[in-house]
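K.L.:
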Amino acid sequence: MNWLDRTKPALVDPRDADLNDTTYLVPCFADPDPLVMSIERVGILNPPIIQERSDGRLIPVLGRRRLEAADRVRLREVATRVVPDDMPEPDGFVLAFWDNYGHRGFDAAVRTVVLVRLLELFPLLTVARDFLPALDIPPKGPRIERLKAIGRLEHRLLRALASGRIHEKTAALLTKCLPEDRSTVMDLVELLGLNANKNAEIVANLFDLSVLSGRKISEVLQDDPLPEVLHEENLSMAERGKRIREQVRAWKFPALSTNEQKFLEWRRTLSLPPNTTIRHAAAFESEECAVEIKLRSREDAIRALERLSGLNP
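Take 20 as the starting number for the sequence shown in the numbering used here and just add one per residue.
1. Mapping DSSP to helix, strand and coil, what is Q280?
2. Which ranges would you report for the beta strand (DSSP E) in the stretch 185-236 if only whole runs of at least 3 residues count?
3. Taking the beta strand (DSSP E) that R298 belongs to, which residues open and close that run?
4. Taking the beta strand (DSSP E) that V97 falls in, what are its first and last residues?
5. Rounding to the nearest angstrom, what Cα-Cα distance links I163 and P157 in this structure?
6. May I have the straight-line CA-CA distance separating R286 from L207, to the nearest angstrom?
7. Looking only at its own chain, which residues have a Cβ that is under 7 Å from the Cβ of A127, when we skip the five neighbours before and after it?
8. Assign H174 to one of two classes, buried (16 or more other C-beta atoms within 10 Å of its C-beta) or exposed (fewer than that).
9. Could you tell me the alpha carbon to alpha carbon distance between E252 and E258, rounded to whole angstroms?
10. Return yes when the Cβ of V101 is within less than 7 Å of the Cβ of I69, no when it is not.
11. Compare the Cα-Cα distances from G121 to each of S237, R165, F150 and F141 and report the closest residue.
12. What do you reckon, are the CB atoms on L30 and E71 nearer than 7 Å?
13. Can you tell me where the alpha helix (DSSP H) holding L77 begins and where it ends?
14. Could you pull the DSSP bridge partners for C47 from this structure?
15. Give the DSSP bridge partners of L30, in chain order.
16. Tell me, to the nearest whole angstrom, how far the beta carbon of R264 is from that of K217; I am working on the premise that it is less than 8 Å.
17. Just to confirm before moving on: does the CB-CB distance between G260 and L213 stay below 7 Å?
18. Which stretch, first to last residue, makes up the alpha helix (DSSP H) that contains I163?
19. Can you look up Q70 in the DSSP assignment and give me helix, strand or coil?
20. Work out the CA separation of N119 and P109 for me, nearest whole Å.
21. With 16 as the cutoff for other CB atoms within 10 Å, does M205 come out buried or exposed?
22. Would you decide whether H299 is buried or exposed? Buried here means 16 or more other CB atoms lie within 10 Å of its CB.
23. Could you say which of L86, P28, G75 and T26 lies nearest to L54 if we only look at CA atoms?
24. In angstroms with no decimal places, state the Cα-to-Cα distance between E279 and G111.
25. In the DSSP assignment, find the alpha helix (DSSP H) that holds A320 and state where it starts and stops.
26. Grouping DSSP H, G and I as helix and E and B as strand, with all else coil, what is V310?
27. Which whole-angstrom value describes the C-beta separation of C308 and I321, a residue pair presumed to lie in contact below a C-beta threshold of 8 Å?
28. Let me check one thing: in DSSP terms, what residues is A36 bridge-paired to?
29. In whole angstroms, what separates the C-alpha of A190 from that of L176?
30. For N224, which option in Q266, Q241 and V248 has the closest C-alpha, if you only look at C-alpha atoms?
31. Just verifying my parser: in three-state terms, what is the DSSP assignment at L240?
Here it is in structure tokens:
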């Protein structure tokens, strides 16, 4: 049945709609300000669709963000379409799914939340056949369980996933943490402002240190010298992030950190030309080094090779 054919027009005060109801929620983690500005300038062009429940509540089916934005600009009458109370929740969520998918697609965070709701409403075979291809999720393998866990995370973490500040793998790791530790990690991520790769490194190392020491991540972050680094006003955010990464990595890999420091001290004793770089072997597994020399021309490269040819292998 096409429930949109059974809608009726109604003027609704956005304050009368239960915008906290998540029955048909397909979240959007984008900045709402452009939508607010649009509605403030020209109003709502596409009427939201709401459902009037038997208890009198009005819940959004399509256009939740439009209703929220209308409330922000203090519109007290919004033209809507109302679907009847007997529309089943699975049918309403299908409307919400395809309406949102059709005009904006789904980011990583939205896919996880939508997947959780689909599996609540439909058998797995139906979800695999009708929805997983659109979500670009393979029907088999461990990823579905991982995404289900991510989809139940706090809004704050999902927003970070949607914005690309944390990777899906990092979000999956955080599902194994206590809510308190997840909050602590997000405080750190937001404070340092690092990219997703560096955030992944810090989070993974903190998680492992927490497991190994049997302590909360918040307790690990109280070990010297991290509190001093985090609150050092004379350090830039980039420098704070660099020091935190180095210290956490040193705690997790003490031998590797020691070898790295020895290598850096040795390299500082050398008088390297500005066009020359020395790199150590991977993970300092040996004393082998790679020397990179940047030259301006092929002729310079030939002369450099001729000088190097006399060196002992």
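The beta-carbon is built from N, C-alpha and C at its ideal position, and this holds for glycine as well.
P.N.:
In short, the structure shows the following:
1. It is helical.
2. Taking only runs of at least 3 residues, no beta strand (DSSP E) segment lies wholly in the stretch 185-236.
3. Looking at the DSSP string, the run of the beta strand (DSSP E) that includes R298 is T295 to H299.
4. From DSSP, the beta strand (DSSP E) with V97 extends over V97 to V102.
5. Between the alpha carbons of I163 and P157 lies a distance of about 8 Å.
6. Each residue's alpha carbon lies about 32 Å from the other.
7. Excluding five sequence positions before and after A127, the CB atoms of its chain that fall closer than 7 Å to its own CB belong to L180, A181 and E187, given in chain order.
8. By the neighbour-count rule (16 or more Cβ atoms within 10 Å), H174 is not buried but exposed.
9. So the alpha carbons of these two residues sit roughly 11 Å apart.
10. Contact: yes.
11. With distances taken between Cα atoms, G121 lies closest to F150.
12. Result no, Cβ atoms of L30 and E71 do not sit closer than 7 Å.
13. Judged by DSSP secondary structure, L77 falls outside any alpha helix (DSSP H) and instead within the beta strand (DSSP E) spanning L77 to L81.
14. C47 has no beta-bridge partner at all, per DSSP.
15. L30 pairs with A98.
16. About 6 Å separates the two Cβ atoms, so the contact holds.
17. Result yes, Cβ atoms of G260 and L213 sit closer than 7 Å.
18. Segment R162 to G170, the alpha helix (DSSP H) holding I163.
19. In the structure shown, the three-state DSSP call for Q70 is strand.
20. Between P109 and N119, the C-alpha separation is close to 15 Å.
21. Classified as buried, M205 has 16 or more neighbouring CB atoms from the shown chains inside 10 Å of its CB.
22. Residue environment analysis places H299 among the buried positions, since at least 16 neighbouring C-beta atoms fall within 10 angstroms of its C-beta.
23. Comparing Cα positions, the closest option is L86.
24. Their backbone Cα atoms lie some 58 Å apart in a straight line.
25. Boundaries of the alpha helix (DSSP H) around A320: R317 to L327.
26. Three-state result, V310: strand.
27. No, C308 and I321 are not in contact; Cβ-Cβ is about 23 Å, not under 8 Å.
28. In the DSSP output, where bridge partners are listed per residue, A36 has L77.
29. Between A190 and L176, the C-alpha separation is close to 7 Å.
30. Comparing Cα-Cα distances from N224 to each of Q266, Q241 and V248, the minimum goes to Q266.
31. Coil, per DSSP.
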